[in-house]
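Peer 1: One structure is given below, represented as structure tokens, and several questions about it will come after.
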Amino acid sequence: MKEDEVKVFYSGGLNEELDKAIVDCLKEFGYKRWASGMEIESQVRDLVFDKGKTGG
Numbered sequence: 028m029k030e031d032e033v034k035v036f037y038s039g040g041l042n043e044e045l046d047k048a049i050v051d052c053l054k055e056f057g058y059k060r061w062a063s064g065m066e067i068e069s070q071v072r073d074l075v076f077d078k079g080k081t082g083g
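See the structure below:
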């Protein structure tokens, strides 16, 4: 893991409301989402945030 990077994982499939709440919370600390994905079989969602990148 890189310095100033935050990774969030949750299970249960895509939850856009939860994604937005996480993005909004971390934005207050200067983090921006730059990657996200979902493991199809396990339904684990992942979001990656960084202070130095721009994105979602």
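Each residue of the sequence shown is one higher than the one before, starting from 28 at the first, in our numbering. From the three backbone atoms N, C-alpha and C, an ideal C-beta is built for every residue, glycine too. Quantities reported herein were computed from a predicted structural model and do not represent experimental measurements.
Assign I67 to one of two classes, buried (16 or more other C-beta atoms within 10 Å of its C-beta) or exposed (fewer than that).
Peer 2: exposed
Peer 1: Could you tell me the alpha carbon to alpha carbon distance between V35 and R72, rounded to whole angstroms?
Peer 2: 8 Å
Peer 1: So the beta strand (DSSP E) D73 belongs to, where does it begin and stop?
Peer 2: V71 to D77
Peer 1: Quick one, are the C-beta atoms of L45 and M65 less than 8 Å apart?
Peer 2: no
Peer 1: Thinking C-alpha only, which one of Y58, G39, K29 and M28 is nearest Q70?
Peer 2: G39
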